[in-house]
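>
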Amino acid sequence: MNSDWQKLADLWYRKREVYPAQWADDPDRLHLCVVAGAPYGGPVATVRDEHVFQPVKGSLRTELQIWTSAGRLIQSAPWAHTGLLAMGWSAQETLVCVFESGLVRTFTVMCEPLHVFTVDERIMSEGGAIAAALWPNGIALLTRKFNIFVNTSLTRSEDACQRFADFKVPSAPLSLCVLPPPSEESADVQVIVGTSEGPVLMVDRHSCRDIGLTEGPFMAFALSSSGRLLACLSTKGVFKVLAVSDNLQVLDVANIVDTIKKPKQMVWCGDDCIALYLIAQTPSNSLQHILFVGGPQNDWIPYQYDAPLHLVSECDGCRVLGTNKIEFVQRVPPSVEQVFGIGSVDPPAMLCYALERYESGDVCAQESLRPIKLELPDAVSTCIDAALCEQPPHSSNLLRAASFGRHFLSDTLEPDRHREACKNLRICVELRKSPVEIPITAAQLEKLGIAGLSLRLAQRHFHLLATRICEWTGHSEEKVLYHWACEKIRHSTAYTDEQLCQIILSKFQHCPGIGYAEVARVAAEMVRTVLATSLLNHEPRSHAQVQVLVQLSQEGDEKNREIMLRIALDKAARSWDPDLIHLALSAASGGGICKRGADIQTVARLVKERSFDLQVISDMVTSILSKAEQFDRARMLCDQLDRKRPAAYCALQRIYRQANYEERMKLLRFSKDLFAISDPTATDAEKTSMQFASQACAEEIDLLRAQVSLEDQAAAKHWKGNTRFAGLSLTSTLIRLIEIGEVLEADNLRTQMKVSDKRYWRIKIRGLSNASNFEELNAFATHRTSPIGYELFIDTFLKHGRNDFALALVPQIKGAEQQAQYYLRMGMAEEAQRARSQGQERSGASKLENADINEIELWKMPAPALAAGILESIELVRHGEACRPANLRAPAQSEPGFLTTCPARR
């Protein structure tokens with residue numbers, strides 16, 4: 001088995017045949033066509049190369065052809081496009097074709113067109129593209145003016161397209177290489193540009209810098225499948241490996257003799273070494289195709305071929321597509337080397353030898369296990385690893401050896417790992433068989449995952465196999481069923497909608513919780529409305545139902561449109577999701593409720609049919625229209641729904657957008673009448689609110705009429721200052737009149753609008769303060785007693801630094817503590833202390849004045865209590881702190897407890 005191994009430095013490499021090529025009938029296929037191979041044992045796409053002379057063979061029609069890895073044709077389609085610049089496969093195994101005009105076309109593995117878009121219109125204005133670099137999720141294009149455009153999506157451009165920073169070079173670069181972003185959602189892409197002058201540039205959206213790579217110019221770059229290593233090949237035959245994550249630090253340097261032409265291909269063989277495909281001319285003028293594998297320590301393994309090749313990089317090796325056979329080059333895994341290495345006596349090899357002796361009937365087979373008894377667990381694990389890297393029958397033998405070794409272990413060793421290895425190997429073996437012909441390895445399967453594999457099988461129409469694999473491995477088969485149902489709808493034209501619905505339901509019923517919206521969307525695209533609506537009845541997600549129903553409403557006649565919209569609004573209303581309701585209403589209005597020409601009649605008709613949800617939905621539509629300042633349409637909708645109060649509010653909102661007095665007056669009268677109309681559906685609170693709103697509209701009419709009259713007077717009498725009153729509130733109008741000195745007009749307006757004294761005094765203080773008319777404000781404060789107190793006057797004077805006016809009003813404040821605070825604000829500490837003392841004196845005197853003596857009849861008091869009260873009064877009078885209460889009445893002599901003398905009277 002190890003006879004085909006070759007040493008590269010201190011590592012072993014091997015090349016194994018995978019399939020005999022089924023396209024061997026056309027030996028020039030790989031030479032005459034543009035070829036693109038998909039990873040993970042994926043398909044191979046070919047299309048005629050416009051830049052190569054084509055001999056006429058058979059039909060002259062150009063075709064896009066997609067093959068299996070064994071060279072069996074999967075599907076073909078006519079190809080009428082020109083200017084193909086690059087071709088590759090996406091992460092979802094869709095074929096991506098990039099053209100010189102910047103146009104991008106994508107196809108399924110069955111040659112069905114998917115997306116068509118232009119990366120950027122500026123590409124054509126710059127003379128088109130001259131080079132392209134693809135990665136699994138995007139495209140980078142270099143124009144003839146040496147500008148780079150990067151598109152981070154393979155389904156659209158627009159927001160995904162960005163122009164990178166300019167870099168000044170006199171001639172066209174030799175090569176491009178993309179360093180993909182760390183995640184699919186990121187747009188942090190970097191492009192490596194190998195200039196013909198020598199420097200290697202790293203370009204991104206914001207900057208361009210020289211990475212300092214010497215011995216250039218470099219004509220080829222290759223990024224490893226892990227994205228950690230970058231290989232560079234110069235025109236001088238210098239080969240370098242850079243670490244991407246370490247600021248492109250050089251890890252290894254090698255030299256390839258006589259490499260002066262650009263290689264046909266340079267790809268990574270796993271993450272271990274480089275596969276370099278060169279075409280050399282022999283002395284007999286024939287072409288020699290050479291594959292070099294190596295790089296580390298400047299050691300290379302050459303493989304010679306007589307026909308063209310195409311290399312496909314894999315995560316664990318390199319697939320070599322030849323004219324006659326398909327091969328796989330890889331590093332010999334360490335586990336395989338331990339088992340099958342020349343003269344190996346490692347524990348895994350001894351375990352396999354013990355199994356051979358046991359199966360041959362040797363009764364002494366156990367003797368081979370005794371020396372490795374301690375290493376037996378590791379030997380079993382290594383045999384499992386080696387089995388995952390081999391093909392039958394070697395993989396079966398290794399698994400049997402691992403199972404044999406486990407019998408001699410006291411504890412069961414990793415049963416789950418053994419079971420998973422068997423599952424993965426069975427899947428790989430089944431996929432290699434015809435007609436699937438996917439030579440995927442266990443390492444590739446682990447990286448791709450069962451979900452990715454099942455989707456690739458579904459795209460090739462192997463739905464049953466994909467479903468069985470999902471069931472066997474315990475993975476969800478939902479995506480496989482989605483794909484099957486969509487393909488069934490697209491291609492089953494002989495079935496009726498009812499029959500097709502039953503077929504789909506019978507398959508989907510075994511997958512609980514599966515959604516039907518995506519399948520219904522495809523049915524809508526195929527103009528199968530009955531099928532789409534039938535499937536949507538089983539969709540558990542409301543938002544998916546509404547979105548598809550909206551899509552269905554855009555197809556067919558007017559009757560179908562209204563039916564779909566009615567169902568969509570019904571589903572949206574039942575979900576109570578405002579976004580869904582808005583979506584349904586926007587569709588009913590013809591694309592947007594707020595757009596010009598929106599169909600409000602249809603919206604009103606559909607909303608009116610839902611009496612249960614009428615208020616919520618109509619309020620939402622009214623709010624949307626009001627925010628867009630489309631008050632007339634909002635009022636029209638409310639009128640059609642017989643909702644008088646919201647209609648009046650809409651009319652009222654429009655008032656404040658009107659500059660014309662007559663229009664504003666007209667709308668106020670209209671709103672007043674609407675509010676006055678009795679609404680039988682309104683509650684008592686709403687009726688009270690409408691009566692208040694009607695009265696407020698009447699008062700607003702009076703105010704507007706007065707404001708217009710004031711503006712007329714201002715114009716006639718040439719009032720100074722700002723004389724625009726219309727549209728102001730009553731308070732603002734009074735303040736403005738006071739500010740411009742028309743206090744008499746303010747008094748008249750106050751009387752007309754019945755403004756209370758307290759409110760008007762505050763307004764007048766504010767107006768005089770704004771006008772800095774403090775003499776008038778002081779006169780106003782001292783003219784008569786203020787109904788609102790004097791605090792506001794004093795605060796206003798102090799705010800504007802008029803302490804002289806404030807000081808005269810402080811004694812008018814009733815509270816001693818508040819007087820003291822005002823004195824302190826003016827810096828008068830002595831007056832503040834005096835005010836506090838006087839307040840304490842008044843407080844002490846008030847104790848006697850407010851005593852219960854004024855309320856209680858003295859003759860009813862007990863003698864001791866009355867005597868104590870009189871003695872306290874005597875003490876207060878003696879110290880001058882109180883005087884006799886004026887209303888103190890002595891009881892009659894006949895009353896009990898009477899004292900003949902009363903000190904308080906002396």
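Just so you know, the UniProt record's numbering puts 824 at position 824 of the sequence shown, and the rest follows in order with no gaps. Beta carbons: idealized from backbone N, C-alpha and C, even for Gly.
Quick check: the Cα distance between F670 and D702, rounded to an integer number of angstroms?
Looking up residue 670 in the sequence shown gives position 670. Looking up residue 702 in the sequence shown gives position 702. If you take the alpha carbons of F670 and D702, they lie about 14 Å apart.
> For L291, list the residues DSSP reports as bridge partners.
Here residue 291 corresponds to residue number 291 of the sequence shown, with the count starting at 1. L291 pairs with Y277, Y303.
> Would you be able to state if there are at least three C-beta pairs under 8 Å between the region 219-228 and the region 266-274?
Taking 8 Å as the limit for Cβ pairs, the verdict is that the region 219-228 does touch the region 266-274.
> Compute the Euclidean distance between the alpha carbons of H461 and L425, then round it to the nearest angstrom.
What you label residue 461 is simply residue 461 of the sequence shown in a count that begins at 1. What you label residue 425 is simply residue 425 of the sequence shown in a count that begins at 1. Approximately 22 Å between the Cα atoms of the pair.
> Return the CA-CA distance between Q695 and N722, expressed in angstroms with no decimal places.
One-based indexing of the sequence shown puts residue 695 at position 695. One-based indexing of the sequence shown puts residue 722 at position 722. The straight-line gap from Cα to Cα measures roughly 30 Å.
> Could you pull out every residue in the same chain whose Cβ sits closer than 8 Å to the Cβ of D852, ignoring the five residues on either side in sequence?
Position 852 of the sequence shown, counting from 1, holds the residue named residue 852. Residue placement at D852 is flagged as unreliable, the pLDDT there being 47, under the threshold of 50; a coordinate-derived value is accordingly withheld.
> Could you name the residues that DSSP lists as bridge partners for C97?
Taking the first residue of the sequence shown as 1, we reach residue 97 at position 97. In the DSSP output, where bridge partners are listed per residue, C97 has M87, R105.
> Are there three or more Cβ pairs, one per stretch, closer than 8 Å when the region 128-139 is compared with the region 97-111?
They touch, by the three-pair rule.
> Using the three-state DSSP reduction, which class does R906 fall into: helix, strand or coil?
By 1-based counting over the sequence shown, the position of residue 906 is 906. Any reading at R906 needs caution, since the residue's pLDDT is 32, under 50, leaving its predicted position unreliable; the model's value is listed next. Of the three classes helix, strand and coil, the one that applies to R906 here is coil, per DSSP.
> Compare the Cα-Cα distances from K15 to each of M124, G37, E711, D316 and report the closest residue.
In the sequence shown, the residue the question calls residue 15 occupies position 15. Here the closest residue by C-alpha is D316.
> Whole angstroms are fine: how far does the CA of W5 sit from the CA of H81?
In the sequence shown, the residue the question calls residue 81 occupies position 81. In the sequence shown, the residue the question calls residue 5 occupies position 5. Taking the straight line from one Cα to the other gives about 45 Å.
> Report the residue ranges of all alpha helix (DSSP H) runs contained in full by the region 800-848; include only those spanning at least 4 residues, in chain order.
Taking only runs of at least 4 residues, the alpha helix (DSSP H) segments lying wholly in the region 800-848 are 803-809, 816-825.
> Is the CB-CB distance between P181 and D188 below 8 Å?
In the sequence shown, residue 181 corresponds to position 181, counting from 1. In the sequence shown, residue 188 corresponds to position 188, counting from 1. Their beta carbons are under 8 Å apart, which means P181 touches D188 by this criterion.
> Would the beta-carbon of G295 fall within 8 Å of that of V241?
Start at 1 with the first residue of the sequence shown, and residue 295 comes out as number 295. Start at 1 with the first residue of the sequence shown, and residue 241 comes out as number 241. Cβ distance < 8 Å, so G295 and V241 count as in contact.
> If I measure Cβ to Cβ from Y303 and keep anything under 6 Å in the same chain, skipping five residues before and after, which residues do I get?
For the purposes of this step, residue 303 is taken as residue 303 along the sequence shown, with counting starting at 1. Excluding residues within five positions, the ones whose Cβ falls inside 6 Å are L291.
> Contact check, E831 vs Y823 under 8 Å by CB: the rounded distance?
In the sequence shown, the residue the question calls residue 831 occupies position 831. In the sequence shown, the residue the question calls residue 823 occupies position 823. Correct: roughly 4 Å between the Cβ atoms.
> Quick one, which of G194, A706, E63, L154 has its alpha-carbon nearest residue 908's?
Only positions 1 to 906 of the chain appear in the structure, and residue 908 is not among them; the question remains open.
> In angstroms, rounded to a whole number, what distance separates the CA positions of V708 and K666?
One-based indexing of the sequence shown puts residue 708 at position 708. One-based indexing of the sequence shown puts residue 666 at position 666. So the two alpha carbons sit approximately 14 Å from each other.
> Alpha carbon to alpha carbon, what distance is there between V320 and Y13?
Taking the sequence shown and counting its residues from 1, one reaches residue 13 at position 13. Taking the sequence shown and counting its residues from 1, one reaches residue 320 at position 320. Roughly 14 Å separates the two Cα atoms.
> Which residues in the same chain have their Cβ closer than 7 Å to the Cβ of D378, if we skip the five residues on either side of it in sequence?
Position 378 of the sequence shown holds residue 378. Taken in chain order, the residues that qualify are P347.
> Report the option in G42, S313, K764, S396 whose CA atom is closest to the CA atom of F793.
Locating residue 793 in the sequence shown gives position 793, counting from the first residue. When only C-alpha atoms are compared, the closest one is K764.
> Okay, do the region 72-81 and the region 105-114 touch, 3+ Cβ pairs below 8 Å being the bar?
Judged by Cβ distances under 8 Å, the region 72-81 makes contact with the region 105-114, as three or more pairs qualify.
> Measure the alpha-carbon distance for H310 versus V35 and round it to whole angstroms.
Along the sequence shown, read from residue 1 onward, the residue named residue 310 stands at position 310. Along the sequence shown, read from residue 1 onward, the residue named residue 35 stands at position 35. Between H310 and V35, the C-alpha separation is close to 7 Å.
> Measure the beta-carbon distance from I813 to A771 and round it to whole angstroms, keeping in mind my assumption that it falls under 8 Å.
To locate residue 813, count along the sequence shown from 1; it is residue 813. To locate residue 771, count along the sequence shown from 1; it is residue 771. Contact flag wrong, Cβ pair sits at about 25 Å.
> Should T533 go down as buried or exposed, given a rule of 16 or more other Cβ atoms within 10 Å for buried?
Mapped onto the sequence shown, residue 533 falls at position 533. So T533 counts as buried.
> Which class does N255 belong to by DSSP, given the choice of helix, strand or coil?
Numbered from 1 along the sequence shown, position 255 holds the residue referred to as residue 255. Three-state DSSP puts N255 in a strand.
> Which of the three DSSP states is assigned to residue 907 in this structure?
Limits of the chain in this structure are 1 at one end and 906 at the other, which puts residue 907 out of reach.
> Where does P20 sit, in a helix, a strand or coil, going by DSSP?
Here residue 20 is taken as the residue at index 20 of the sequence shown, counted from 1. P20 falls in the strand class under three-state DSSP.
> In chain order, what residues of the same chain have a beta carbon less than 6 Å from the beta carbon of A568, not counting five sequence neighbours either side?
For the purposes of this step, residue 568 is taken as the residue at position 568 of the sequence shown. The residues are V546, L549, V550, A584.
> Quick check: what's the CA-CA separation for A863 versus E841?
As a working mapping, residue 863 is identified with position 863 in the sequence shown. As a working mapping, residue 841 is identified with position 841 in the sequence shown. Unreliable positioning characterises A863 in this predicted model, as indicated by a pLDDT of 49, which lies under 50. A coordinate reading is not provided.
> With DSSP as the reference, label H310 as helix, strand or coil.
In the sequence shown, the residue the question calls residue 310 occupies position 310. If DSSP states are grouped into helix, strand and coil, H310 belongs with the strands.
> How about L535 and I504: are their beta carbons less than 8 Å apart?
For the purposes of this step, residue 535 is taken as residue 535 along the sequence shown, with counting starting at 1. For the purposes of this step, residue 504 is taken as residue 504 along the sequence shown, with counting starting at 1. Yes, the Cβ-Cβ distance between L535 and I504 is below 8 Å.
> Tell me I139's beta-bridge partners as DSSP assigns them.
On the sequence shown, position 139 is the one that residue 139 refers to. Paired residue(s): L134, N151.
> Can you give me the Cβ contacts of V267 inside the same chain, cut-off strictly under 7 Å, excluding the 5 residues immediately before and after it?
Taking the first residue of the sequence shown as position 1, residue 267 is located at position 267. So the list reads A222, A275, L311, S313, C318, once near-sequence residues are dropped.
> With burial defined as no fewer than 16 other Cβ atoms inside 10 Å of the residue's Cβ, what is the status of S286: buried or exposed?
For the purposes of this step, residue 286 is identified with residue 286 of the sequence shown, where counting begins at 1. Exposed, since its Cβ has fewer than 16 Cβ neighbours within 10 Å.
> How many Å lie between C208 and L141 at the Cα?
Looking up residue 208 in the sequence shown gives position 208. Looking up residue 141 in the sequence shown gives position 141. Spanning the two alpha carbons is a distance of roughly 16 Å.
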